[in-house]
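Q:
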Amino acid sequence: MNEINRPITVVAAGILIDSENRYLLGQRPAGKPYAGYWEVPGGKVEKGETVFQALQRELQEELGIAIRSSEELTVLEHDYPHAYVRLYVSIIRDWTGTPMGCEGQALSWELIGAEKPSVEPLLPAAWPMLECLRRFLA
Ligand SMILES: Nc1nc2c([nH]c(=O)n2[C@H]2C[C@H](O)[C@@H](COP(=O)(O)OP(=O)(O)OP(=O)(O)O)O2)c(=O)[nH]1
């Protein structure tokens, strides 16, 4: 629980970075909270899972790729009307397969150096992740 007494939803988000130094955003499919919003791929960490295991599972389900390693970037919290989330954000450069929208979601590779993504709207908690990414890679 946190200071406002809401349960914490623990989420793992994986910023995929490709050989051209671009990162991947996906659009949330219909039926989820914030459907249509763009996000960094990932999802809730299940009981008994590590953050890395959750990333392996989510990115296999959502994108059809197998990740081999990840680097921790930051931990962020965000208070949404539907949930209080704690996001463990990792950078992933090492995977096999080609990312595809396995849940019917659109994908967009974005330039890390660009001022803002070419797609919108982004989930509110995705913005501080991108800021952190730019600072980390600068
Ligand atoms: N994956 C991801 N989730 C984010 C980001 N920013 C952000 O606030 N979130 C929040 C939205 C959701 O409340 C939560 C992720 O949950 P989810 O609904 O995508 O997770 P899931 O796929 O496990 O969901 P479920 O349908 O299985 O319940 O984290 C982001 O950039 N990426």
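Start counting the sequence shown at 1; every next residue gets the next number (full-length UniProt numbering). Backbone N, C-alpha and C fix where the C-beta goes; we use that ideal spot for every residue, glycine too.
1) Which runs of the alpha helix (DSSP H), 4 residues or longer, sit entirely within the UniProt domain "Nudix hydrolase" (7–130)?
2) Take residue 24 and list the residues in its own chain whose beta-carbon comes closer than 7 Å to its own, dropping the five residues that flank it on each side.
3) Could you say if the stretch 124–137 and the stretch 84–95 meet the contact criterion of at least three C-beta pairs nearer than 8 Å?
4) Say yes only if the C-beta of residue 83 is nearer than 7 Å to one or more non-hydrogen atoms of ligand 1, and no if none qualify.
5) Would you kindly work out how many angstroms separate the C-alpha atoms of residue 69 and residue 93, rounded to a whole number?
6) Looking at residue 116 and ligand 1, is the gap between the Cβ and the nearest heavy atom below 7 Å?
7) Whose C-alpha, out of 72, 48, 32, 128, is nearest the C-alpha of residue 82?
A: Looking at the coordinates:
1) Secondary structure in the UniProt domain "Nudix hydrolase" (7–130): the alpha helix (DSSP H) runs of 4 residues or longer, each lying completely within the stretch, are 51–63 in chain order.
2) Apart from sequence neighbours up to five positions away, the residues of its chain that approach residue 24 with a beta-carbon distance below 7 Å are 16, 41, 99, 107, 109, ordered along the chain.
3) Short answer: they touch.
4) With a cut-off of 7 Å, the C-beta of residue 83 is classified as near ligand 1, since at least one heavy atom of the ligand falls inside that distance.
5) The alpha-carbon separation between residue 69 and residue 93 amounts to approximately 8 Å.
6) No, the Cβ of residue 116 stays beyond 7 Å of every heavy atom of ligand 1.
7) Of the listed residues, the one whose Cα sits closest to residue 82 is 32.
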